[in-house]
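Chains as they are written, first to last, in this note's numbering: chain A, 1 to 423; chain B, 1001 to 1517; chain C, 2001 to 2302. All residues carry an ideal CB built from backbone N, CA and C; glycine is no exception.
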């Protein structure tokens, strides 16, 4: 019997990847040293403010003062050690976690270096990170719902944009944030329905259908914006959801101001994360959804209505994307600007892949993207000598690196993108 | 959803290849091949018209608030004249109620002559509002005076599409008059009259090239959504060679400049192609990411190293005259030799795809990457080549524009070619001839839309809406068939790229097994 | 009721007929359901597999230390239930899958790192098991499919330019020679029946000088007439000196065609036997994993 031979087989591919990983750790360690440590002076400290600069219910704590050079040396050394260990013995399953740790070192090193001799408000940055991550996370969740049931949703961008417009427009007309929000969910749900109809009923290639919807959304929103919103400013001032502190939890220093003193849409996003995770993995609906994404024919013969479930999931996915779009207006800058999504729909898809097609992974990835987005604005203030346009490229570059499988190949659902034919 | 005809099965347009039942090819297919896209365009225009109507404020007003002056009796321009005008015609001793003679007709002097059309009789008005007296203005709605609403609607649409036509092709009567004048020895008015149609060709030129770019990628089974970014990078490289090399003769500098655009765009496109071949990463997302990176890069370059000295605007320096494509007609016509270059490229792409081994490989990989692999074709090589050529064409589009038209590169460079090109490739069925025809159409639409925006204040984004609608109709011909009750024939196949795109991902993963992960 | 070319050619009753008569009605002539086979006269070894190990897609071991030789002028049939590594074996031999360990040479040349094209150029022909996915581009015309792996060679091409006239002439010739029923050489191959599609593949592979033929499930899903045709062609190739590796889950086919039968189970060979020296039951046992020694010790069954 040959069953147990697998462990003894020389799997060259996996070995090669481990080696690359180890070298990567060492390179990062060297980078921390060469790029950051050599340009810092001894005695410099970086002050990380840990209290938000605004009114808060959180208990105040003292700022974190980091001695720059020693920290950089320590992290650089740690990264090199980890890299050597990886090359010699390998971390096996903990490989991914170690990569995360090394990436964390790089980030902290970068922050410390950027803030050397000065201070920066860490809580402020983290708060903004969550804000920036929210639409991306919602886009990722939308992608998750659709992809898990086997439909590629390229149109998230268009759905978000449309929802943003509708929330601004309807919110202004009705003078009610909630009415605007619900209207935007309906609008994006309709676009989801359109995608579903085109790809399921008319068997249009899902990427083409999604692209067409994107073009439609961009054209439509710009059209209405140019025709009405620019001349009638009162149609573009819906107001913003206020911050809602959670009673006890917002008192927690550091975590409180970030997670528990924000607006309702962020809470909804966090709630959706948990909800979708539970639904997808612990309920019959979730099981069926995953089944139709992996082996639709098997699910069909067991009585699962593949078509109905796909319709449902894509429409729900559209609504979740719409929530993200509504957040861009009602949860942050309370006005609609043409093309304001700026690719967030696609970055959400990348976050989904980065996060291995599950909710919490996608959320983690969104936080990373949100962080880079936040930081490129802060760079100017800190007078870091990197042009802001390069920081702007960061989320997109990271996406491409992730997709190239450096961080591990994620397996999409097997039946993704394929037309299901009933026989 | 059962088949209409007995034993024919509809081939799905995507998904894995399915066996077809044995059947004879239907000649109805040919006609439908042309009819469906035409109907798609027509239907899109109708829907566009509806959208214009629904968002036109005047039309909305004409349907909901129609002002009418309550008058009793009606004033009539034929038999009545206002006091003002009477005094103007005759010496100043005219008063209300007098009968005066104007141009042979007797007219009674009244306070004011209103347009009969704008009046409503006291009786009719009292039906709606019993307490009314004469001289007041009331507002009616659509149900009470449907003709007004419909007339306003018609005027809105016809004015808009007339503006579209004039902006795209020109005023036929004016053109005829000008040609007559030219034949009589006066050519001075020719440029103005023929400007619109020439402009359409100018606008169509980059469309031809980016349409070819995307069509080529579709043929190889790839979705190149990155035409926009490749356009930018091509523009940057072209303009750099154009303004920084001095003292070269035109027959060296010009080709070099254009070549720079091709190589820049080609490399930018090859990167996602390589990633796809080696790692299986989906090129849709990668090309979109490369777009945003290109925008950021261009932003930095044009605000920094490549900025035109002496100003603060993010534009590049002008290119040398030796790098410019000749303009063929006097100003204001902007038609330049680039149009013919684009047509030549279309011919070249045709030759490449259908008459060479290279093209055979590209098409095979696109149509069935599994069989292509089994036949010994290298998926990696073909993906990268297809994306390089595709990006190169997009880059050439930019080089064409810069070299022939603008002569420099501004930061606000593109007019949304990235997505438009997808519509073009689909409409042209990924065939060079179809792409050229579709590009001419889009050039006409866009040239006209500019005028439409200024004359009828319709935002130019309506073009995107039209394009999206056309894409949907072409990609799902069943909708058009349903609307117009056409019989099902051989399905005119839009890009069958999906099979290849997904299957290729798995195949590429296998093919790349020997390379580094 | 028997239909041929759209007309009814005869009716009969299951009890009144047998395989031969029925087949004859369907095809129009006497069909040889059993093959006339001359004894093999094998010569030099063409395919030499030594201790081959191949991983499958999930990094498990699909081929586990397999060794086999196929000589010119002989048919070696690989029998076994599908899923025991046959697919991976064939993919490795044709250059489509990397091998993990071991050595394979064809006509003396080591193909451990060869690409599919290099393997083809060594004179290897491959009839794939999934003809529609791997063997044909359904949307392309018959003429294009006939040159799918030779399009780049003269006289089909000069440099990178395709020579349309030559391609078309060759296509017309092959359609006639292999009796491919098609409306024309420009008809998309999707319009053809399964048997004719397979004939296109066979026509393509047999129209160039080949040293080794690897045929996977060559008659799967085909009608009786086509099966007969393909078997005849394979035998003819063997008699002309080609080495043939036949992989099939149809035991009848294997037994009828092969000069030697190699039985594969979980990536290894449980036995290599001659068809006339073994019973069906014994083959079955081999396919179920009992090796030759175990088989020998089990009681004889008829």
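Note down, in chain order, every chain C residue with its Cβ under 7 Å from the Cβ of residue i.
i	result
residue 1383(B)	Residues of chain C passing the Cβ test: none, with the nearest at roughly 16 Å.
Apart from the five residues on each side of it in sequence, which residues of its chain come closer than 6 Å, Cβ to Cβ, to residue i?
i	result
residue 117(A)	44
residue 2135(C)	2128, 2201
residue 1188(B)	none
Leaving aside the five residues before and after residue i along the sequence, list all residues of the same chain whose C-beta is less than 7 Å from its C-beta, in chain order.
i	result
residue 373(A)	132, 395
residue 306(A)	292, 296, 299, 300, 420
Which residue wins for smallest C-alpha separation from residue i, given the options the options?
i	options	result
residue 357(A)	88(A), 139(A), 83(A)	139(A)
residue 64(A)	198(A), 334(A), 70(A), 46(A)	46(A)
residue 404(A)	1329(B), 1283(B), 1330(B)	1283(B)
residue 1350(B)	1188(B), 1447(B), 1296(B), 1209(B)	1209(B)
residue 1270(B)	1090(B), 1433(B), 1227(B), 1411(B)	1227(B)
residue 2055(C)	2236(C), 2066(C), 2045(C)	2066(C)
residue 1419(B)	244(A), 255(A), 249(A), 207(A)	207(A)
Using a Cβ-Cβ distance under 7 Å, would residue i count as near chain B?
i	result
residue 160(A)	no
residue 222(A)	yes
residue 2116(C)	yes
residue 2149(C)	yes
residue 374(A)	no
residue 207(A)	yes
residue 2120(C)	yes
residue 2153(C)	no
residue 2136(C)	yes
residue 2133(C)	yes
According to DSSP, is residue i helix, strand or coil?
i	result
residue 2008(C)	strand
residue 340(A)	coil
residue 2129(C)	coil
residue 2276(C)	helix
residue 1480(B)	helix
residue 2080(C)	coil
residue 1298(B)	helix
residue 1336(B)	strand
residue 428(A)	Examination of residue 428(A) is not possible in this model, given that chain A is present from 1 through 423 alone.
residue 1028(B)	At residue 1028(B), the pLDDT of 44 sits below 50, so the modelled position is not reliable; the number obtained from the coordinates is stated separately. Helix, per DSSP.
residue 1458(B)	coil
residue 2064(C)	strand
residue 2232(C)	helix
residue 121(A)	strand
Between residue i and the rest of its own chain, which residues show a CB-CB distance below 8 Å, the 5 nearest in sequence each way excluded?
i	result
residue 1027(B)	Its pLDDT being 41, under 50, residue 1027(B) is placed unreliably in this model, and the value from its coordinates should be taken loosely. If we look at residue 1027(B) and ignore the five residues flanking it on each side, it has no Cβ neighbours.
residue 179(A)	170, 171
What residues of chain B sit near residue i, judged by a beta carbon separation below 7 Å?
i	result
residue 2140(C)	1367
residue 2157(C)	1357
What residues from chain B crowd round residue i, counting only those whose CB sits closer than 8 Å?
i	result
residue 2160(C)	1356, 1357, 1358
Establish whether the CB of residue i and some CB of chain C are separated by less than 7 Å.
i	result
residue 1173(B)	no
residue 1376(B)	yes
residue 1519(B)	Residue 1519(B) is absent from the structure shown; chain B starts at 1001 and stops at 1517.
residue 1217(B)	no
residue 1277(B)	no
residue 1386(B)	no
What does residue i touch in chain A if you count any residue whose Cβ is under 7 Å from its own?
i	result
residue 1188(B)	Those within 7 Å of residue 1188(B) in chain A number zero; the least Cβ separation is about 37 Å.
Would residue i count as contacting chain A if we go by Cβ distances under 7 Å?
i	result
residue 1486(B)	no
residue 1163(B)	no
Against residue i, what residues of chain B qualify as contacts under a CB-to-CB distance less than 9 Å, listed in chain order?
i	result
residue 233(A)	Within chain B, no residue comes near residue 233(A); the closest Cβ sits about 16 Å away, beyond 9 Å.
What does residue i touch in chain A if you count any residue whose Cβ is under 9 Å from its own?
i	result
residue 1222(B)	By Cβ distance, chain A contributes nothing, its closest Cβ being about 11 Å from residue 1222(B), past 9 Å.
Find the residues of chain E that neighbour residue i, judging by a C-beta separation of less than 9 Å, and give them in chain order.
i	result
residue 266(A)	Annotation note: the requested chain E is absent from the structure, which comprises protein chains A, B and C.
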